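These notes concern the structure reproduced below.
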Amino acid sequence: MSINTIAWFWRFGDGDSSTLQSPIHTYLETGVYDVQLIVTGLSGCQDTLLRPAYIEIGGPVGNFTFTPNQGCADVTATFTGNVTANTVDFYIWNYGDGTIDTVFTNAITNTVTHTYNTTGTYFPTMTIEDFTGCQFIATLDSIEVDTLQFDFFANDTLLCEVGNFTFTPFIASSSPIDSVVWNFGGADITTSNLMMPTIPYSTVGDFDVTLTVHSRHCTKTITKTQYIKIAPIPNPGFATVPMVGCNPTTVFFTDTTNIFSGNVVSWAWNFGDGGTAITQNTAHSYQNG
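Take the sequence shown: its position 147, counted from the start at 1, is 146 in numbering that gives the first Met the number 0, and no numbers get skipped.
Written as structure tokens, this is what we have:
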């Protein structure tokens, strides 16, 4: 076919081609390939030679999957490799962060885990090798890892009966914050997506507050248990014995205070004559009046 030939067109069976007369071609994947040559003479006439299944590239073939493909620093990803036959000698896992694991097995499936401790974009690969020394390298998309640390505080955590609390988050993230979600158990407004919400409470009790922060590749949640406390206002009352007497008279005072929940923890008596006391039940001697 070389006599008076002025053009050559090769098809190598793997999607690549060449117009060189005597090309060199590298096959990147295992398989059996047809090879076709089309030649053109001086007259413009063409002839074609097709050799089916002409090139055979041996070696293992496989692929792998992983989950998740994103997360917060210290995320653990699970990798599962699969090969087409149990001719593989070992798997080489390159996690893209400088860590490489070699697993010696001829199993058609191999599962490993790896923890990413640092923020970054990582491109893991799986290399398999058979007993002949032939290798196959499988690649996939990247794993995205973010750093996200945060806390939150309220302007107060204890009020009587009713009040408003303003919540402020403090966030450090390696990527932009997409959203925040607050959950206020027992509040008049139970959820908010504002960065610094002011929330009214009007129910007595101890309430949890939860904040979930979503960055581009990371989500974390913090819950502070019984963080907000709405205390009941006591309804004070007392009884006296006697109510009338001669000078001097000792009067016994008995606390009869009612409270919706909890306990009274302190008392402050003022007897009207300058005398005071701080016990729950007390006695006072009136000298004049």
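From the three backbone atoms N, C-alpha and C, an ideal C-beta is built for every residue, glycine too.
The structure displayed is predicted, hence computed values, not measured ones.
Looking at GLY204, VAL180, ILE91, CYS245, the one whose alpha-carbon comes closest to that of ASN62 is ILE91.
Inclusion of ASN154 and THR146 in the CB contact set at 9 Å is not warranted, their separation being larger than that value. In the DSSP assignment, the residues bridged to PHE65 are PHE78. For the options LYS228, ASN109, THR25, the alpha carbon positioned closest to that of GLU55 is the one of THR25.
As the crow flies, the alpha-carbon of ASP129 is around 7 Å from that of PHE89. Taking 9 Å as the cut-off, the beta carbon of PHE183 is found no closer than this to the beta carbon of PRO168. In this structure, PHE65 and THR75 do not form a Cβ contact; the two beta carbons are roughly 11 Å apart against a cut-off of 8 Å. Boundaries of the beta strand (DSSP E) around ARG50: 45-56. No residue range can be given for ARG215, since it is assigned to no beta strand (DSSP E) and is classified by DSSP as neither H nor E. Taking all protein chains in view, the Cβ of ASN109 is crowded by 16 or more other Cβ atoms within 10 Å, so the residue is classified as buried. When DSSP states are grouped into helix, strand and coil, PHE206 belongs to the strand group. Of the candidates THR29, ASN68, TYR226, ILE198, THR29 places its Cα closest to the Cα of GLY12.
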